[in-house]
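In case it helps, my numbering puts the sequence shown at residues 50 to 277. Have a look at the structure below before the remarks.
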Amino acid sequence: MNKRLEMKNLYKLDNIHLNYHVNGNDIKVLKNINFVINKNERVAIIGESGSGKTSLLMLMSGLEKPTTGSIFFNNENLSKISEEKVTQIRRKKIGLIFQQFYLLPNYTSLENVMFPMQINNIKNEKKKANLILSDIGLAHRKNNLPSELSGGEQQRVAIARAISFNPEVILADEPTGNLDEKNTELVSDLLINYSFKKKISLILVTHNMGLVKKCDRVIKLFDGSIKV
Ligand SMILES: Nc1ncnc2c1ncn2[C@@H]1O[C@H](COP(=O)(O)OP(=O)(O)O)[C@@H](O)[C@H]1O
Ligand SMILES: [Mg+2]
């Protein structure tokens, strides 16, 4: 591949297979997955429940390893580098968002947003966290715990946390899955607009067709394979 194309690649998945071994049986969760995702691209991953969407995001975040095949992130093979290096890449470059928010329950909104900056030794983390929370209209909730926030507010804090350290990509697993219509729109716009503003990739799993339409491209999974 020529250098110019390589520069544009954020992810390259090369013949990925993922099996889980359960009760002596191999379950084929992902089969022969091949695709490239470029920098500054917004991609929706869709497919029925159980088709392998979450497993695919787990592989792309480096939290899970493929059984066979390679995943390149910025031309680095995630299966060939040390676990510490994968963790460093995830901490510094990948913003993760989940359906269930997963905020730290004993931390306030502000502390949740500061947390990834602290582990990345980013300076002025308090000032930056305050700015992000203001930007997304949650300054008035900065001293509240997650349990004191609505679902929509919790997901916006989770987004603030995921973008606080300027990641190169956001991976989001059904980010609006637990939200009502109004918050679905709010959270969708927040993610899409942020991705355009920072020119970073957004890879999201969703069942929401409104959000799918806001993406540049769709990858459809069917029973662990890409459906064309
Ligand atoms: N840790 C695991 N062990 C065994 N099977 C798993 C595990 N995680 C997921 N699976 C199975 O893999 C398939 C795909 O799951 P998943 O990636 O969560 O799908 P989706 O997110 O599309 O609903 C399902 O059949 C699921 O039961
Ligand atoms: Mg899932």
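For each residue, glycine too, the CB sits at the ideal point set by N, CA and C.
Neighbourhood of residue i by C-beta distance below 6 Å, restricted to the same chain and skipping five residues each side
i: residue 94; result: 102, 254 and 268
i: residue 142; result: 216 and 217
i: residue 227; result: 148 and 200
Cβ-based neighbour list, residue i, same chain, cut-off 7 Å, excluding 5 preceding and 5 following
i: residue 68; result: 75, 76, 77, 78 and 116
i: residue 110; result: 139, 143, 145 and 220
i: residue 184; result: none
i: residue 274; result: 80 and 81
i: residue 182; result: 158, 159, 162, 188, 191 and 209
Reduced DSSP secondary structure (H/G/I, E/B, other) of residue i
i: residue 255; result: coil
i: residue 104; result: helix
i: residue 59; result: strand
i: residue 271; result: strand
i: residue 126; result: strand
i: residue 244; result: helix
i: residue 117; result: strand
i: residue 112; result: coil
i: residue 74; result: strand
i: residue 250; result: strand
i: residue 238; result: helix
i: residue 92; result: strand
i: residue 262; result: helix
i: residue 134; result: helix
i: residue 276; result: strand
Nonlocal neighbours in the same chain, by C-beta distance under 8 Å from residue i, ignoring five residues either side
i: residue 154; result: 194, 195 and 196
i: residue 96; result: 102, 269, 270, 271 and 276
i: residue 248; result: 88 and 89
Residue i CB to nearest heavy atom of ligand 2 below 7 Å
i: residue 272; result: no
i: residue 61; result: no
i: residue 255; result: no
i: residue 103; result: yes
i: residue 285; result: A query on residue 285 cannot be resolved here, the shown segment of the chain reaching from 50 to 277 and no further.
i: residue 238; result: no
i: residue 222; result: yes
Near ligand 1: residue i beta-carbon under 7 Å from a heavy atom
i: residue 76; result: yes
i: residue 218; result: no
i: residue 71; result: yes
i: residue 118; result: no
i: residue 98; result: yes
Within 8 Å, strictly: CB atoms of residue i and residue j
i: residue 58; j: residue 85; result: yes
i: residue 82; j: residue 105; result: yes
i: residue 236; j: residue 210; result: no
i: residue 150; j: residue 221; result: no
i: residue 66; j: residue 99; result: no
i: residue 214; j: residue 165; result: yes
i: residue 259; j: residue 232; result: no
i: residue 198; j: residue 224; result: no
i: residue 159; j: residue 124; result: no
i: residue 252; j: residue 92; result: yes
Chain C within 8 Å of residue i, Cβ atoms only
i: residue 252; result: Absent from the structure: chain C. Only one protein chain is present.
### Continuous beta strand (DSSP E) assignments of at least 3 residues falling wholly in the segment 142-187
Runs of the beta strand (DSSP E) inside the segment 142-187: 143-147.
At what residue ranges does the segment 196-235 contain a whole run of the alpha helix (DSSP H), taking only runs of 4 or more?
Runs of the alpha helix (DSSP H) inside the segment 196-235: 200-212.
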